[in-house]
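Be aware that the sequence shown starts at 0, since it is given in numbering that gives the first Met the number 0, and climbs by one per residue.
Glycine included, every Cβ here is placed at the ideal spot set by N, Cα and C.
Here the structure comes first, spelled out in structure tokens, and everything after it is commentary.
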Amino acid sequence: MADILLTHSFLLRFDPKQFRTGQAYAPLGTLYAAAMLRKTGISFELYDPMFAESPEALVPVLRREKPKILVIYDDGFNYLSKMCLGNMKDSACRMIRAGKEQGATVVICSVDANDHAPFYLDQGADYCILGEGEQTLAELSEALAGMTRQQIPDIPGVSWKAPGGVRNSRPREVITRLDDLPFPAWDLLDMDRYRRFWKRKNGSFTLNLVTTRGCPYGCIWCAKPVYGNHYNARSPENVAAELKLLTENYHPDRIWFADDIFGLKPGWIEEYAAKVRPENLVLPYTIQSRVDLLQDDRTVASLAASGCNKVWLGIESGSQKILDAMRKGTTVEQAEAASVKLKEAGIRQAFFLQLGFPGETREDIDRTIRLITRLLPDDIGISVTYPLPGTPFFEAVKSQMKEKMSWSDSNDLSLLYRSSFSPAFYRYLHRYIHKYYRFRQAMFYLRSFPGKRTSPEKGRIRRILLMPYYYLFSVFYQFLVKRAEHAG
0 MADILLTHSF LLRFDPKQFR TGQAYAPLGT LYAAAMLRKT GISFELYDPM FAESPEALVP
60 VLRREKPKIL VIYDDGFNYL SKMCLGNMKD SACRMIRAGK EQGATVVICS VDANDHAPFY
120 LDQGADYCIL GEGEQTLAEL SEALAGMTRQ QIPDIPGVSW KAPGGVRNSR PREVITRLDD
180 LPFPAWDLLD MDRYRRFWKR KNGSFTLNLV TTRGCPYGCI WCAKPVYGNH YNARSPENVA
240 AELKLLTENY HPDRIWFADD IFGLKPGWIE EYAAKVRPEN LVLPYTIQSR VDLLQDDRTV
300 ASLAASGCNK VWLGIESGSQ KILDAMRKGT TVEQAEAASV KLKEAGIRQA FFLQLGFPGE
360 TREDIDRTIR LITRLLPDDI GISVTYPLPG TPFFEAVKSQ MKEKMSWSDS NDLSLLYRSS
420 FSPAFYRYLH RYIHKYYRFR QAMFYLRSFP GKRTSPEKGR IRRILLMPYY YLFSVFYQFL
480 VKRAEHAG
């Protein structure tokens, strides 16, 4: 028996796209919560449902452990959790009900619970944690377990039901000294199972870390329910120490730095490179960044020297008009310059792109397509703009959102509001751009074959062999795009 059963509501099978691609990232936020609970001395068990068939797999664990408190603590560093997907919301609600049926006090901490605490309290949760959760969880758990005399209303960052309605305690201040946090409780995870899954699906094993919390930029569609506009960073020494722990104990092949923005603090990337190289900790890693942060040759060179071999860039659009409407704060020219610098440094690049932003015209779309085919990144990720609760964009379009308020999974891609063209147009456009981009990429690989490579990557050869497929389907979807456009 344990006082607390700690879990999360992200089941990989509930997102078919991620399950298919095998991207089973460790529940980092949950592991941070576990590390904080350890510091309190309260007894707890961790149940990780990442590979479970359904949320009800929690029930036998509840019956075995008979916890006083069930904590559903979701990973706020995972962009899929931040999207508040319908399948995961349903999973959380089913777990809440399971906990209540077993007589446990239920606590939930998630991005969606930050925005919709009354909903989760109505579902049966006893407490919702608002804001940055680790310290609040520790204090709330100690109070509920009778380890302290602190009253719930005096604990910052808690929401609960009371006579007269939902009550919230004062907000919890964000943690500014991230080095003071304990490392995530990696040892509580079945790492062998994660390794086997990654290896089977991808041929290599990836672990995820974060070096920062928050984002200071003002993109109109980006939700910030936990950190607001705060941005705080761990020291390069602290990150290197955790990386050393992971490499010595779990031997990952790659690292995914899940920061919203990696290395924003001036000089941080250069300092990190100086720390990891002497320690032989130069491991291939992927980051997310902004094009305006990659204009300096020294920064890009330090990324390459420290092991970065892929950068996901928030390009969003090839139209400056749309970038300005999004309040992105970047330019098309910066995107082009960053792309050139990354290629020169031997770093692969991938573009995040958005379609369907209000006011987007066919010319704006064509500008985006021309940018992709001109720069030819190694990969692209395309979606229609997604209205996240709490964002200016959500407020602007929420009156148009009727029955469906969120995607069921990350491959849903439904247009939830009115845009310049029909939902069918954007569905076909999404497929057309992917196929046309792959065709143009394959043409580039063919022209440069074998180029400087004596033995080209298998992926490049596969793209070349699939050229007829890409071409035929790009023509097919281009026809459907035009038909949908003229159909209104």
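Between residue i and residue j, what straight-line distance do the alpha-carbon atoms span, to the nearest angstrom?
| i | j | result |
| --- | --- | --- |
| ASP296 | ARG373 | 22 Å |
| LEU129 | ALA441 | 48 Å |
| SER318 | PHE350 | 14 Å |
| VAL157 | LEU27 | 21 Å |
| GLU456 | ALA116 | 49 Å |
| LEU32 | PRO183 | Going by the sequence as given, residue 32 is Ala instead of Leu. Answer to the nearest angstrom: the Cα atoms are 8 Å apart. |
| SER413 | HIS7 | 26 Å |
| TYR416 | ARG426 | 14 Å |
| PHE420 | LEU79 | 26 Å |
| SER316 | ASP365 | 10 Å |
| ASP153 | ASP259 | 32 Å |
| LYS309 | LYS397 | 35 Å |
| PHE18 | ASN201 | 11 Å |
| LYS403 | LEU84 | 11 Å |
| MET190 | SER203 | 14 Å |
| ASP74 | MET82 | 11 Å |
| THR285 | ARG347 | 9 Å |
| THR211 | ARG253 | 19 Å |
| ILE371 | PHE478 | 20 Å |
Given residue i, which residues of its chain have a CB within under 8 Å of its CB, disregarding the five upstream and five downstream residues?
| i | result |
| --- | --- |
| LYS243 | GLU278, LEU280 |
| ALA324 | ILE219, PHE356, PRO357, GLY358 |
| ALA103 | LEU4, LEU61, PRO66, LYS67, ILE68, LEU69 |
Apart from the five residues just before and just after residue i, which ones in its own chain have a Cβ nearer than 7 Å to its Cβ?
| i | result |
| --- | --- |
| TYR527 | Since the first residue of the chain shown is 0 and the last is 487, residue 527 is not available in this structure. |
| SER140 | ILE3, LEU36, THR39, ILE41, ILE68 |
| THR453 | At THR453, the pLDDT of 42 sits below 50, so the modelled position is not reliable; the number obtained from the coordinates is stated separately. Nothing meets the Cβ criterion. |
| GLU64 | MET0, ALA1, LEU4, GLU44 |
| THR329 | ARG289, VAL290, ASP291, LEU322 |
| LYS340 | LEU293, ASP296, VAL299 |
| PRO155 | THR135, SER168, ARG169, PRO170, ARG171 |
| GLY462 | Before going further, note that residue 462 is Arg rather than Gly in the sequence given. Correct list, in chain order: ARG437, GLN440, ALA441, TYR444. |
| SER473 | TYR431, LYS434, TYR435, PHE438 |
| ALA34 | PRO181, PHE182, PRO183, ALA184 |
| ARG369 | GLY317 |
Closest to residue i by C-alpha separation, out of the options, would be which residue?
| i | options | result |
| --- | --- | --- |
| ALA112 | LEU387, LEU302, GLU402 | LEU387 |
| TRP159 | TYR119, ARG482, GLU270, ALA239 | TYR119 |
| ASP408 | ARG361, TYR425, PHE196, TYR385 | TYR385 |
| LEU188 | TYR431, THR29, ALA334 | THR29 |
| ASP488 | ARG417, SER418, PRO422 | Residue 488 lies beyond the residue range present for the chain, which begins at 0 and ends at 487; the question has no answer from this structure. |
| GLY262 | ARG253, GLU247, PRO215 | PRO215 |
| GLY213 | PRO54, LYS88, GLU131 | GLU131 |
| ASP186 | ALA486, GLY163, PRO54, GLU247 | GLU247 |
| ASP89 | VAL209, GLN333, ALA304, LEU10 | LEU10 |
| ILE71 | PRO48, VAL173, GLY164, LYS81 | PRO48 |
| ILE460 | TYR470, TYR444, VAL474 | TYR444 |
| ARG195 | ALA222, PRO162, TYR249 | TYR249 |
| PRO15 | ALA395, PHE50, ALA124 | PHE50 |
According to the Cβ coordinates, are residue i and residue j closer than 8 Å?
| i | j | result |
| --- | --- | --- |
| HIS429 | LEU354 | yes |
| VAL383 | PHE424 | no |
| ASN231 | LEU177 | yes |
| GLN122 | CYS92 | yes |
| PRO376 | SER338 | yes |
| GLY98 | LEU61 | yes |
| GLN149 | GLU138 | yes |
| ASP363 | LYS320 | yes |
| TRP311 | GLN287 | yes |
| ASP114 | PRO224 | yes |
| VAL275 | GLY306 | yes |
| ALA272 | SER234 | no |
| ALA239 | ASN207 | no |
| ALA303 | ALA344 | yes |
| VAL106 | TYR126 | yes |
| MET524 | LEU143 | It is not possible to answer for residue 524, since the shown part of the chain is limited to 0 through 487. |
| ARG326 | GLY164 | no |
| GLY21 | TRP197 | yes |
| VAL209 | PHE76 | yes |
Just to confirm my understanding: we take residue i, look at its own chain, exclude 5 residues before and 5 after, and list those with CB closer than 6 Å. What are they?
| i | result |
| --- | --- |
| TRP220 | THR384, THR390, PHE392 |
| THR147 | GLU141 |
| ASN86 | PHE13, SER407, ASP408 |
| GLU270 | PRO235 |
Determine, for residue i, whether the minimum Cβ-Cβ distance to residues of chain C falls below 8 Å.
| i | result |
| --- | --- |
| ARG462 | The chain inventory of the structure shown lacks chain C, comprising one protein chain alone. |
* Starting from the N-terminal side, write out each stretch of the alpha helix (DSSP H) that is 4 residues or longer and does not extend beyond the segment 429-468. => 457-464
* To do: Report the residue ranges of all beta strand (DSSP E) runs contained in full by the segment 117-190; include only those spanning at least 3 residues, in chain order.
  => As far as the segment 117-190 is concerned, its whole beta strand (DSSP E) runs of at least 3 residues are 126-128, 157-161, 164-167.
* beta strand (DSSP E) segments (min. 3 residues) lying fully within the segment 331-389 -> Counting only runs of 3 or more residues that sit fully inside the segment 331-389, the beta strand (DSSP E) segments are 347-354, 378-383, in chain order.
* **Within the segment 12-78, ranges of the beta strand (DSSP E) (whole runs, at least 3 residues)** => 43-45, 68-72
* Can you list the alpha helix (DSSP H) stretches of 4 or more residues lying completely in the segment 294-337, in chain order? -> 296-304, 319-324
* Please go through the segment 209-270 and give each complete beta strand (DSSP E) segment of 3 or more residues, from N-terminal end onward. => 211-213, 230-232, 253-256
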